[in-house]
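K.L.:
Pasting a structure below so you can have a look.
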Amino acid sequence: MKGEAVASSVNRPWLDPGQTPFIKIQGVTKSFGPFVAVDNVDLDIYQGELFALLGGSGCGKTTLLRMMAGFETPTSGRIVIDGIDMTDVPPYERPVNMMFQSYALFPHMTVEKNVAYGLKRDGLPKGEIDERVDAMLSMVELSSLSKRKPHQLSGGQRQRVALARSLVKKPKVLLLDEPLGALDKRLREQTQYELMDLQDRLGITFVVVTHDQEEAMTLSTRIAVMDAGSFMQIGTPTEIYEYPESRLVADFIGSTNMFEGIVHQQDEEHVIVKVAELDADIMIEHSAAAADGSKVWVAVRPEKIILSPSEPLNTDINVLRGVVDDIGYFGNSSTYRIRLENDLIVQVTHPNQSRPRDARHVAEWEDVVYLSWEPSSGVVLNK
Amino acid sequence: MQGKRSTFLLAMLSFGMAFLYIPMVLLVIYSFNKSKIVPIWGGFSTRWYKVLFESEDVWAAVSLSLKIAVVNATFATLLGALAGLALVRFGRFRGRTLFSGMITAPLVMPEVITGLSLLLFFIGLKGLIGWPERGFTTITIAHITFSMAYVAVIIQSRLAGMAQDLEEAAQDLGAKPFRVLTDITLPLLAPGMLAGWLLSFTLSLDDLVIASFTTGPGSTTLPILIYSRIRLGLRPDINALATIIILVVTIGVLIFGWLMLRQAKQRERDMHMAAKS
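Rendered as structure tokens:
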């Protein structure tokens, strides 16, 4: 995982009970008429974190962010930032700045004036304003464009102006609403690493709202997966990806093969799940509490399944047989859709480690293949 | 087929243009007519322009009309902008739909009704508090009431198209609500307000019906003057006046068009610059 390097390189304050959270969201609910956008959520974010709120549209992530910025008032609950209750503090008095999805650059002001705007409102002396604006513009490499108006800039440049404008006041918390959404793929990857680097250098707590799971995984220290106004799971990118707690999270992050079955047998370490549709048993390591005979789901990621043209010799557990139905070639890897004898489709991702001769894949269409995976490669989910 | 259709289109275009412009061209030509009887051509002359420039009542009417138009446009823009702001930015307050319907009512109300009702109102008010004297004040107030509705509609659409993000961003950066209004909202609304001002100005200059209802003795606006003179028969000096008005309007439109074109070109250059860097 790309995100793992990040997660292990920073400390993990959320595991330390002695740490006080920097942002404390306590029982916050926001409803618009009968519609509940955010439903009684609790969340602790620690200083220096790069925290991502991840979810589909309408899941409440943006509303939660807007409540932290002060644009919405919670229907109930409290928001505490750095020990001060911010619930009823208007946006212009919060030590928080936001980078808008649309960037919201003032079209009638130059780049320089846009960045200086926040400092001017604080009534700083002109010399200091100029100094800080210059420093900020050179940090985002826009010094040469300082006299331009926003419409004279490219998308990437606008994004950097927006970032500079929201950072120049040295906020305690920076809120980012889909910060990379409007950029093309190349620029996005580059900016992603720049953001992480910046956050690391400045030590400002970042809260990012995104619907893009890849963005959330690479950027953040922790992710909160949201759905229908509640958190489905909060954890590091690795935890969310490798140890999802529910089918919803497993499905939302990456792709996954989901098998429904009944707990057949279990010991200290393993569960054997009888999967009716496979007409086979799956052995999997324990991950969720489930009584014998209860209904569970087994989720196995496509890249954790081993694809082989012949029957695996050393094992007979977790082995399936099928034919190649479709191949998706991505360059670095290929995704195979394998049709089992009962017409069930299983997805397998296979890295393209060697350059194929005659442009052949590891398996070709209609080839008979065997799929297998380790008991530790999947998770059992009970919800 | 293609050729046939374009001939047809061309014919329609010429017909339409002729319909629009021949009357005006005729009017311009006849303004240079030497003869006193309008439809009979008596040779080229500029004598009616001389007559026009010498007639004091025409100049009084022009100056009254301009004064009313300027005061009207200014007040209508202010009040209309406030109404537009209230409707778009203050969320769903109680009675919003009613307010929004009421503000646009003058747009669809027949002018005769508006004029009559205002006249009754002014008479009643005069009876009660001795104010206003019918004339400049009453015409201006009457014009403001309907011009304001147009401005409110313009401002409303301009505001609706203007991302609220900008105002929120300013607040986020520490601007209090009044600061947001002066720093962000008003500057961005300026083109809309200018358009509203110009429209109100034109509407007021143009208005005959409402002005006739609300005017008093001695207060003759330009449209009232023209209309009352024409009633006594076509007059060549009025043709001269109309020609001057056409000239002024044409120059105004040309300048505006040139400015727009220049702006569009500048925008294009800017976009090009952004793409290149």
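The listed protein sequences correspond, in order, to chains A and B. Going by numbering that gives the first Met the number 0, 45 is the number at position 46 of the first sequence; the sequence numbering is gapless. Going by numbering that gives the first Met the number 0, 66 is the number at position 67 of the second sequence; the sequence numbering is gapless. All C-beta atoms in this analysis are idealised placements derived from N, C-alpha and C, irrespective of residue type, glycine included. No experiment lies behind these values; they were computed from the predicted model shown.
1) Would you list the residues sitting across from A:I80 in a DSSP beta bridge?
2) Are there three or more Cβ pairs, one per stretch, closer than 8 Å when the segment 170-177 of chain B is compared with the segment 51-59 of chain B?
3) Are the CB atoms of A:I261 and A:A275 nearer to each other than 9 Å?
4) CB-CB under 6 Å to B:F18, same chain, minus the five flanking residues each way: which ones, in chain order?
5) Cβ of B:L187 less than 9 Å from any chain E Cβ?
6) Is the shortest distance between the beta-carbon of A:L162 and the beta-carbons of chain B less than 9 Å?
7) With a 10 Å radius around its C-beta and 16 neighbouring C-beta atoms as the bar for buried, classify A:Q352 as buried or exposed.
8) Three or more beta-carbon pairs under 8 Å between the segment 123-130 of chain A and the segment 156-164 of chain A, yes or no?
9) What does A:L152 reach in chain B if we use C-beta pairs closer than 7 Å?
10) With A:R338 as the anchor, note down where its beta strand (DSSP E) starts and where it stops.
11) What did DSSP end up calling B:F200 once you bin it into helix, strand or coil?
12) Check the Cβ-Cβ distances between A:S56 and every residue of chain B, and say whether any is below 9 Å.
13) Could you tell me whether the segment 69-80 of chain B touches the segment 136-147 of chain B, where touching means 3 or more Cβ pairs closer than 8 Å?
14) Quick one: Cα of A:P12 to Cα of A:I22, how far?
15) Mark A:G2 as exposed unless 16 or more other C-beta atoms lie within 10 angstroms of its C-beta, in which case mark it buried.
16) Might you give, ordered along the chain, the residues of its own chain that have their beta carbon closer than 6 Å to the beta carbon of A:V5, omitting 5 neighbours on each side?
17) Could you check which residue in A:R147, A:L42, A:S286 has the C-alpha nearest to that of B:R266?
18) At the 9 Å Cβ level, is A:E284 part of the contact set with chain B, yes or no?
19) State whether the segment 268-284 of chain A contacts the segment 232-239 of chain A, with contact taken as three or more CB pairs (one from each stretch) at a distance under 8 Å.
20) Nearest to A:R93 by CA position, among A:F99, A:G228, A:M67, A:T217, is which residue?
21) Would B:A10 pass as an interface residue toward chain A - the criterion being a Cβ-Cβ separation below 9 Å?
22) Starting from A:G96, find everything on chain B with Cβ-Cβ shorter than 8 Å and list it in chain order.
23) Per DSSP, what kind of secondary structure is A:F34 in: helix, strand or coil?
24) Pick helix, strand or coil for A:T220, following the three-state DSSP scheme.
25) Based on Cα-Cα distance, which residue from A:V110, A:A290, A:D325, A:E340 lies nearest to A:L380?
26) Within a Cβ cutoff of 7 Å, which residues of the same chain sit near B:L207, ignoring the five residues on either side of it in sequence?
27) Rounded to the nearest angstrom, how far is the Cβ of A:L370 from that of A:L277, given a contact under 8 Å?
28) Report the rounded CA-to-CA distance for B:G15 versus B:L26, giving the unit in angstroms.
29) Are the C-beta of B:E167 and some C-beta of chain A separated by less than 9 Å?
30) Could you check what DSSP says for A:N351 in three-state terms: helix, strand or coil?
31) Check the DSSP bridge columns for A:Y369 and list the partner residues they point to.
32) Measuring CA to CA, which of B:M101, B:Q262, B:L246, B:K125 is closest to B:V24?
33) Looking at A:V322: is its Cβ nearer than 9 Å to the Cβ of A:V361?
34) What is the residue span of the alpha helix (DSSP H) that A:Q151 lies within?
35) What separation, rounded to the nearest whole angstrom, lies between the Cα atoms of B:W47 and B:K33?
36) Would B:Q262 be called buried (16 or more neighbouring beta carbons within 10 Å of its own) or exposed?
P.N.:
Answer, in terms of the structure:
1) According to DSSP, which records beta bridges pairwise, A:I80 is partnered with A:I22, A:I83.
2) No, the segment 170-177 of chain B does not touch the segment 51-59 of chain B.
3) Result yes, Cβ atoms of A:I261 and A:A275 sit closer than 9 Å.
4) Excluding sequence neighbours, B:F18 sits near nothing in its chain.
5) Protein chains A and B are contained in the structure displayed, whereas chain E is not.
6) Proximity of A:L162 to chain B, defined by a Cβ-Cβ separation below 9 Å, is not satisfied.
7) With fewer than 16 other Cβ atoms within 10 Å, it is exposed.
8) Segment contact: the segment 123-130 of chain A against the segment 156-164 of chain A, fewer than three CB-CB distances shorter than 8 Å; contact not assigned.
9) Scanning chain B for C-beta atoms nearer than 7 Å to the C-beta of A:L152 yields A273, reported in chain order.
10) Where A:R338 is concerned, the enclosing beta strand (DSSP E) stretches over 332-339.
11) Three-state result, B:F200: helix.
12) Answer no: the Cβ-Cβ gap between A:S56 and chain B never drops below 9 Å.
13) Taking 8 Å as the limit for Cβ pairs, the verdict is that the segment 136-147 of chain B does touch the segment 69-80 of chain B.
14) Cα to Cα, the separation comes out at about 13 Å.
15) Since pLDDT at A:G2 reaches only 41, below the 50 mark, its modelled position is unreliable, and the value read off the structure follows with that caveat. A buried status is given to A:G2, since no fewer than 16 other beta-carbon atoms sit within 10 Å of its beta-carbon.
16) Because A:V5 carries a pLDDT of 44, less than 50, the predicted location of this residue cannot be relied on, and the following value inherits that uncertainty. Within the same chain, A:V5 has no close Cβ partners at all.
17) Residue A:R147 is the option with its Cα nearest to B:R266.
18) A:E284 is outside the set of residues whose beta carbon lies under 9 Å from a beta carbon in chain B.
19) These segments do not touch.
20) Here the closest residue by C-alpha is A:M67.
21) No, B:A10 does not count as interfacial toward chain A.
22) At residue 96 of chain A the sequence reads Asn, which differs from the Gly that was named. Within chain B, the C-beta atoms nearer than 8 Å to that of A:N96 come from D171, L172, in chain order.
23) DSSP places A:F34 in strand when its eight states are reduced to three.
24) Here A:T220 carries a coil assignment [DSSP, helix/strand/coil].
25) Comparing Cα positions, the closest option is A:A290.
26) Cβ neighbours of B:L207 beyond the five flanking positions: P222, I223, Y226.
27) No, A:L370 and A:L277 are not in contact; Cβ-Cβ is about 11 Å, not under 8 Å.
28) When rounded, the distance between both Cα atoms is 18 Å.
29) Taking Cβ atoms only, chain A reaches closer than 9 Å to B:E167, which makes this a yes.
30) Correct three-state label for A:N351: coil.
31) Paired residue(s): A:S307, A:R320.
32) Distance check between B:V24 and each of B:M101, B:Q262, B:L246, B:K125 places B:L246 closest, using alpha-carbon atoms only.
33) No; because the gap between Cβ atoms is not below 9 Å, this pair is not in contact.
34) A:Q151: not part of any alpha helix (DSSP H); DSSP gives it neither H nor E.
35) One C-alpha to the other measures close to 8 Å.
36) Exposed, since its Cβ has fewer than 16 Cβ neighbours within 10 Å.
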